[in-house]
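Colleague:
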Amino acid sequence: MKYAVRYYTKTGNTMRLAEAIAKELGVEPLPISVPVTEQVDILFLGNSYYAFNIDPEVKAFVGSLDRSKVGKIVNFGSAAMLNSTYKKVKVEADKVGIPMDDKEFHCKGEFKGIHRGRPNADDIKAAVEFVKQYK
Ligand SMILES: Cc1cc2nc3c(=O)[nH]c(=O)nc-3n(C[C@H](O)[C@H](O)[C@H](O)COP(=O)(O)O)c2cc1C
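Under my numbering, think of the first position of the sequence shown as 3, with each following residue one higher.
1) Can VAL98 and LEU67 be called in contact, C-beta distance under 9 Å?
2) Using the beta-carbon count (16 or more within 10 Å), is MET83 buried or exposed?
3) Confirm the yes/no value for this check: CB of PHE113, any heavy atom of ligand 1, distance under 8 Å.
4) Starting from PHE46, trace the beta strand (DSSP E) both ways and give me its first and last residue.
5) Is GLY48 near ligand 1, judged by its Cβ being under 8 Å from some heavy atom?
6) Go through its chain and collect everything with a Cβ distance to PRO101's Cβ below 6 Å, but skip five positions before and after it.
7) Which residue from LYS4, LYS12, GLU21 puts its Cα closest to that of ALA1?
8) Going by DSSP in three states, LYS4 sits in which element: helix, strand or coil?
9) Using three-state DSSP, classify PRO33 as helix, strand or coil.
10) Counting only runs that start and end within the segment 42-126, where is the beta strand (DSSP E) found for 3 or more residues in a row?
11) When DSSP builds the beta bridges, which residues end up paired with TYR9?
12) GLU106 and VAL60 look like a contact to me (Cβ under 8 Å); what is the Cβ gap, rounded to whole Å?
13) Give a single yes or no on whether ASN122 has its beta carbon closer than 8 Å to a heavy atom of ligand 1.
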């Protein structure tokens with residue numbers, strides 16, 4: 003299996019999840035500014051909610067993906083209040099014809115003092131456990 007990990011972060015939370023996930027998979031965690039040029043079975047895509055939506059850069063990144071290069075997307079991320087960006091990402095993935103795994107990893111993410119310290123050590127551990135099923 004070949005993997006890639008890309009993330010978008012504003013305050014570092016998604017980056018921390020991406021680092022743990024990528025380490026478990028033995029690949030580099032890279033920001034979405036780095037295009038996916040190699041053939042991968044699974045692209046782990048980290049992203050979050052900002053003002054009730056995913057960032058336009060994340061939409062553009064998914065839109066730029068080549069379906070002949072990416073087997074499927076596994077979504078991961080955190081948010082302060084909302085539960086999952088899955089549906090938002092899927093709208094973009096559907097446009098380029100790349101399937102999204104039914105499963106995703108989501109946890110609380112600190113925002114303005116709410117959920118302080120999250121993702122915390124337990125969240126990171128849970129993210130690593132989540133990834134193991136794809137190995
Ligand atoms: C500008 C901004 C807007 C946000 N808006 C939302 C929101 O609408 N709903 C929500 O659940 N969380 C919201 N959050 C919280 C983030 O989703 C949460 O802090 C997440 O962990 C941030 O990940 P990051 O550090 O990788 O950017 C917002 C955070 C920021 C910085």
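Quick reminder that beta carbons are idealized off the backbone N, C-alpha and C, glycines included. Since the structure is predicted, the reported quantities are computational estimates derived from the model, not experimental observations.
Modeller: Walking through what the data contain:
1) Going by C-beta atoms, VAL98 is nearer than 9 Å to LEU67.
2) Result: exposed.
3) With a cut-off of 8 Å, the C-beta of PHE113 is classified as near ligand 1, since at least one heavy atom of the ligand falls inside that distance.
4) Per DSSP, PHE46 belongs to the beta strand (DSSP E) from 42-48.
5) Taken from the Cβ of GLY48, at least one heavy atom of ligand 1 lies inside 8 Å.
6) Taken in chain order, the residues that qualify are LYS74.
7) Since the first residue of the chain shown is 3 and the last is 137, residue 1 is not available in this structure.
8) Coil, per DSSP.
9) Strand.
10) Correct list: 42-48, 72-81, 107-110.
11) Looking at the DSSP output, TYR9 bridges to PRO33, GLY48.
12) Their Cβ separation, rounded to whole angstroms, is 14 Å, which puts GLU106 and VAL60 out of contact at 8 Å.
13) No; taking the cut-off as 8 Å, the Cβ of ASN122 has no heavy atom of ligand 1 nearer than that.
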